[in-house]
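Presented below is the structure to which this report refers.
In the numbering used here, the protein residues as written are 110 to 268.
Below is the structure:
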(Lines of atoms letter the chains of each structure in order from A and count residues from 1; the text may use other names and numbers.)
(Lines give C-alpha, C1' and ligand atoms only; values in the text may rest on other atoms or scores of the structure.)
Protein backbone atom coordinates (compact mmCIF):
# COMPACT_ATOMS: atom_id res chain seq x y z
CA UNK A 1 0.00 0.00 0.00
CA UNK A 2 2.72 2.49 0.85
CA UNK A 3 5.99 3.33 -0.78
CA UNK A 4 9.26 4.50 0.71
CA UNK A 5 8.38 8.22 1.00
CA UNK A 6 9.72 9.53 4.29
CA UNK A 7 10.07 13.20 5.27
CA UNK A 8 12.62 12.85 8.05
CA UNK A 9 12.44 15.48 10.81
CA UNK A 10 15.31 17.87 10.32
CA UNK A 11 17.15 20.04 12.76
CA UNK A 12 16.77 20.76 16.42
CA UNK A 13 13.67 22.89 15.93
CA UNK A 14 11.52 19.98 14.72
CA UNK A 15 12.94 17.63 17.34
CA UNK A 16 12.28 20.20 20.07
CA UNK A 17 8.76 20.85 18.77
CA UNK A 18 7.94 17.10 18.75
CA UNK A 19 9.33 16.71 22.27
CA UNK A 20 7.28 19.67 23.49
CA UNK A 21 4.08 18.36 21.87
CA UNK A 22 4.66 14.90 23.37
CA UNK A 23 5.30 16.41 26.83
CA UNK A 24 2.14 18.52 26.63
CA UNK A 25 0.04 15.53 25.53
CA UNK A 26 1.48 13.37 28.29
CA UNK A 27 0.38 16.05 30.73
CA UNK A 28 -3.17 16.32 29.37
CA UNK A 29 -2.70 19.28 27.05
CA UNK A 30 -3.27 18.12 23.49
CA UNK A 31 -1.90 20.89 21.27
CA UNK A 32 -4.49 21.03 18.45
CA UNK A 33 -5.66 17.54 19.43
CA UNK A 34 -2.24 15.88 19.57
CA UNK A 35 -1.84 12.64 21.51
CA UNK A 36 1.10 10.39 22.34
CA UNK A 37 1.37 7.12 20.44
CA UNK A 38 3.21 4.20 22.01
CA UNK A 39 4.03 1.25 19.79
CA UNK A 40 6.53 -1.56 20.38
CA UNK A 41 9.58 -1.48 18.11
CA UNK A 42 9.40 -4.20 15.49
CA UNK A 43 13.02 -5.27 15.95
CA UNK A 44 13.98 -3.95 19.38
CA UNK A 45 10.79 -4.88 21.24
CA UNK A 46 11.17 -1.60 23.14
CA UNK A 47 8.11 0.69 23.45
CA UNK A 48 8.56 3.81 21.31
CA UNK A 49 6.59 7.05 21.70
CA UNK A 50 5.83 9.89 19.31
CA UNK A 51 3.23 12.64 19.04
CA UNK A 52 0.41 11.95 16.57
CA UNK A 53 -2.81 13.63 15.44
CA UNK A 54 -5.60 11.05 15.58
CA UNK A 55 -8.71 11.92 13.63
CA UNK A 56 -12.24 10.62 14.01
CA UNK A 57 -14.24 10.14 10.82
CA UNK A 58 -17.72 8.60 10.91
CA UNK A 59 -17.19 7.51 14.51
CA UNK A 60 -13.94 5.64 13.82
CA UNK A 61 -10.47 6.73 14.94
CA UNK A 62 -7.61 6.88 12.44
CA UNK A 63 -3.88 7.58 12.52
CA UNK A 64 -2.30 9.10 9.43
CA UNK A 65 1.44 9.40 8.85
CA UNK A 66 1.90 12.56 6.76
CA UNK A 67 5.69 12.11 6.86
CA UNK A 68 5.27 8.81 5.03
CA UNK A 69 6.85 5.50 5.94
CA UNK A 70 8.03 6.57 9.41
CA UNK A 71 9.42 4.31 12.10
CA UNK A 72 6.12 4.46 14.03
CA UNK A 73 4.09 3.53 10.94
CA UNK A 74 6.40 0.60 10.14
CA UNK A 75 6.26 -0.55 13.78
CA UNK A 76 2.47 -0.27 13.85
CA UNK A 77 2.16 -2.16 10.56
CA UNK A 78 4.34 -4.97 11.96
CA UNK A 79 2.91 -5.15 15.48
CA UNK A 80 -0.71 -4.16 14.88
CA UNK A 81 -1.22 -2.89 18.45
CA UNK A 82 -0.67 0.48 20.07
CA UNK A 83 -1.63 2.77 22.91
CA UNK A 84 -2.77 6.37 22.68
CA UNK A 85 -2.13 8.58 25.71
CA UNK A 86 -3.57 11.92 26.67
CA UNK A 87 -2.60 12.95 30.17
CA UNK A 88 -3.31 10.02 32.46
CA UNK A 89 -5.77 8.42 30.06
CA UNK A 90 -4.32 5.51 28.10
CA UNK A 91 -6.29 3.52 25.53
CA UNK A 92 -5.10 0.35 23.79
CA UNK A 93 -5.99 -0.26 20.14
CA UNK A 94 -5.69 -2.83 17.41
CA UNK A 95 -4.54 -1.15 14.17
CA UNK A 96 -5.40 -2.15 10.62
CA UNK A 97 -3.91 -0.41 7.61
CA UNK A 98 -6.35 1.43 5.37
CA UNK A 99 -6.39 0.83 1.60
CA UNK A 100 -5.23 3.63 -0.68
CA UNK A 101 -8.72 4.09 -2.16
CA UNK A 102 -10.18 4.60 1.33
CA UNK A 103 -7.54 7.19 2.31
CA UNK A 104 -9.11 9.96 0.19
CA UNK A 105 -12.06 10.21 2.60
CA UNK A 106 -9.57 10.52 5.49
CA UNK A 107 -6.99 12.84 3.97
CA UNK A 108 -9.48 15.63 3.25
CA UNK A 109 -10.66 16.14 6.88
CA UNK A 110 -7.14 15.46 8.16
CA UNK A 111 -5.70 18.19 5.96
CA UNK A 112 -8.53 20.54 6.82
CA UNK A 113 -7.69 20.20 10.51
CA UNK A 114 -3.89 19.84 10.44
CA UNK A 115 -2.81 20.95 6.97
CA UNK A 116 -1.12 24.00 8.48
CA UNK A 117 1.16 21.63 10.39
CA UNK A 118 1.67 18.66 8.07
CA UNK A 119 1.14 19.71 4.43
CA UNK A 120 4.86 20.29 3.83
CA UNK A 121 5.67 16.69 4.75
CA UNK A 122 3.56 15.19 1.97
CA UNK A 123 5.24 14.12 -1.29
CA UNK A 124 3.08 16.53 -3.35
CA UNK A 125 1.33 19.81 -2.67
CA UNK A 126 -2.24 18.94 -1.64
CA UNK A 127 -4.80 20.46 0.69
CA UNK A 128 -8.35 19.75 1.86
CA UNK A 129 -9.49 21.53 -1.31
CA UNK A 130 -7.56 19.17 -3.61
CA UNK A 131 -9.49 16.95 -5.99
CA UNK A 132 -10.10 13.31 -5.21
CA UNK A 133 -7.61 12.39 -7.97
CA UNK A 134 -4.90 14.58 -6.40
CA UNK A 135 -5.47 13.02 -2.97
CA UNK A 136 -5.54 9.54 -4.49
CA UNK A 137 -2.14 10.22 -6.11
CA UNK A 138 -0.68 11.00 -2.65
CA UNK A 139 -2.44 8.13 -0.85
CA UNK A 140 0.13 5.37 -1.59
CA UNK A 141 2.80 7.49 0.12
CA UNK A 142 0.82 8.20 3.30
CA UNK A 143 0.26 5.25 5.66
CA UNK A 144 -3.10 5.34 7.44
CA UNK A 145 -4.52 3.02 10.10
CA UNK A 146 -7.98 2.51 11.53
CA UNK A 147 -7.84 2.01 15.30
CA UNK A 148 -10.21 -0.40 16.98
CA UNK A 149 -10.33 -0.28 20.78
CA UNK A 150 -8.65 -3.36 22.23
CA UNK A 151 -11.43 -5.59 23.65
CA UNK A 152 -9.44 -6.57 26.76
CA UNK A 153 -8.35 -3.05 27.65
CA UNK A 154 -10.43 -0.25 29.06
CA UNK A 155 -9.31 3.35 29.32
CA UNK A 156 -7.01 3.45 32.33
CA UNK A 157 -5.37 6.03 34.50
CA UNK A 158 -1.62 5.84 34.83
CA UNK A 159 -0.20 6.12 38.33
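Where a beta carbon is used, it is the ideal one built from N, C-alpha and C, also for glycine.
Supposed contact pair residue j and residue i - C-beta distance, whole angstroms, cut 8 Å
i: residue 163; j: residue 206; result: Between residue 206 and residue 163 the Cβ distance is about 15 Å, and since that is not below 8 Å, they are no contact.
i: residue 249; j: residue 211; result: Not a contact, Cβ separation roughly 12 Å.
i: residue 204; j: residue 190; result: 7 Å
Short Cβ contact (8 Å threshold) for residue i with residue j
i: residue 184; j: residue 227; result: no
i: residue 161; j: residue 144; result: yes
i: residue 256; j: residue 170; result: yes
i: residue 146; j: residue 158; result: yes
i: residue 166; j: residue 214; result: yes
i: residue 244; j: residue 222; result: no
Opening and closing residue of the beta strand (DSSP E) in which residue i lies
i: residue 171; result: 169 to 173
i: residue 144; result: 144 to 149
Which listed residue (the options) has its alpha carbon closest to that of residue i
i: residue 259; options: 168, 241 and 202; result: 202
i: residue 230; options: 142, 155 and 174; result: 174
i: residue 181; options: 155, 198 and 241; result: 155
i: residue 261; options: 178, 150 and 200; result: 200
i: residue 142; options: 179, 168, 194 and 178; result: 194
Proximity test, residue i beta-carbon vs the ligand SAH heavy atom, cut-off 7 Å
i: residue 249; result: Absence of the ligand SAH is noted for the structure shown, with no ligands found whatsoever.
Range covered by the alpha helix (DSSP H) that runs through residue i
i: residue 183; result: 180 to 188
**Asked** Would you say the stretch 233 to 240 touches the stretch 180 to 199, given that touching needs at least three Cβ pairs under 8 Å?
**Response** Contact between the stretch 233 to 240 and the stretch 180 to 199 is absent, because fewer than three Cβ pairs lie under 8 Å.
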